[in-house]
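Down below is the structure, laid out as structure tokens.
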Amino acid sequence: MAAMAFQRARTDEQRAQRRRQILEAAAGMLSEMPVAQLSLNELSRRVGLAKANVLRYFESREAVLLVLLDAEVKDWIAELERTGAPGEGTSRERGDRLADLLASSMAARPVLSDLLSAQAAVLEHNISAEVAVGHKLAARESVEALVRLVARHLPELGVEGSVALVETTLLMAMTAWPCSRPSEAVQAAYASDPQLAGMRIDFTDLVRRTAAVTASGLIARQEAAVRTRPTA
1 MAAMAFQRAR TDEQRAQRRR QILEAAAGML SEMPVAQLSL NELSRRVGLA
51 KANVLRYFES REAVLLVLLD AEVKDWIAEL ERTGAPGEGT SRERGDRLAD
101 LLASSMAARP VLSDLLSAQA AVLEHNISAE VAVGHKLAAR ESVEALVRLV
151 ARHLPELGVE GSVALVETTL LMAMTAWPCS RPSEAVQAAY ASDPQLAGMR
201 IDFTDLVRRT AAVTASGLIA RQEAAVRTRP TA
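Using full-length UniProt numbering, the letters of the sequence shown correspond one by one to residues 1 to 232.
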């Protein structure tokens, strides 16, 4: 990709445009490579700026990627809200459909899943408290939107149960993604022995199963609590 021609930004509008161009270049890189391979040096080359000048707009590589993560999560939630209308059926049936929707939609967004998997261990380091606050506020807003979506599909979960389902599903996705992307050496090991091949993790299946079992378990526990609640 040819480097962009940049002139010094002198106004707020120009600076905002520079930030957008840096983010667009980084997003393009993530369509070609995993988060771990995206370097500030290569990003600087693609936008036609010295690394020191890129750092005038974003304090670190991680700060760039956190903005992209927040945007990816918002786009994902908007997609869920457009395509995931609650259906009819038992709580088990609705929970299974919701689990499939969450898992399949995340699998179809590898950039989102890759960024999520790097969030705690990588992206939330090498940033200032100011950047961390902005990111966490955006994350809280997104989690609240996901909780509302889950509650529409499974109102019997209530707020507490919906929060638990969202947290469990996201944490499983963050863990399962890198595990489902083995190195070439591990892929060769799987290919060499059918018994080892059975250890390979399917991201969609694992996230779907976790979300479905969590939803069923939470509902069962709530129903059991109601049955054993003492009457007045």
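Even glycine gets a Cβ: it sits at the ideal position worked out from N, Cα and C.
(message) Check for me: the alpha helix (DSSP H) holding P230 runs from which residue to which?
(response) Premise fails: P230 is in no alpha helix (DSSP H) and is neither H nor E.
(message) Helix, strand or coil, according to DSSP, for F203 in the structure here?
(response) Three-state result, F203: helix.
(request) Go to T169, then tell me how far its alpha helix (DSSP H) extends in each direction, as first and last residue. (result) Taken as a continuous stretch (DSSP letters only), the alpha helix (DSSP H) holding T169 covers 158 to 179.
(message) Here's the rule I'm using: 16 or more other beta-carbon atoms within 10 Å means buried, otherwise exposed. How should V166 be labelled?
(response) Buried is the label assigned to V166, since at least 16 other Cβ atoms lie within 10 Å of its Cβ.
(request) Would you kindly check if the distance between the Cβ of H135 and the Cβ of D75 is under 8 Å? (result) Taking 8 Å as the Cβ cut-off, D75 and H135 do not qualify as a contacting pair.
(message) Between the alpha carbons of S117 and P230, how many angstroms are there, rounded?
(response) So the two alpha carbons sit approximately 44 Å from each other.
(message) Can you list, in chain order, the residues of its chain with a C-beta nearer than 7 Å to that of residue 234? Leave out the 5 residues immediately preceding and following it.
(response) Residue 234 is absent from the model: the chain starts at 1 and stops at 232.
(request) Could you please give the first and the last residue of the uninterrupted alpha helix (DSSP H) stretch that includes E42? (result) Bounds of the alpha helix (DSSP H) holding E42 are 40 to 47.
(request) Report all residues from its chain with a CB closer than 6 Å to the CB of S162; omit the five preceding and five following residues, and keep chain order. (result) Same-chain partners within the cutoff: V147, V150, A151.
(message) Using only the alpha-carbon positions, how far apart do E62 and A108 sit?
(response) Those two C-alpha atoms are separated by around 23 Å.
(message) Which of the three DSSP states is assigned to R109 in this structure?
(response) Residue state for R109 is assigned as coil, using DSSP reduced to three classes.
(message) Assuming M33 is part of the alpha helix (DSSP H), what are its boundary residues?
(response) Annotation for M33: no alpha helix (DSSP H) segment contains it, and DSSP assigns it neither H nor E.
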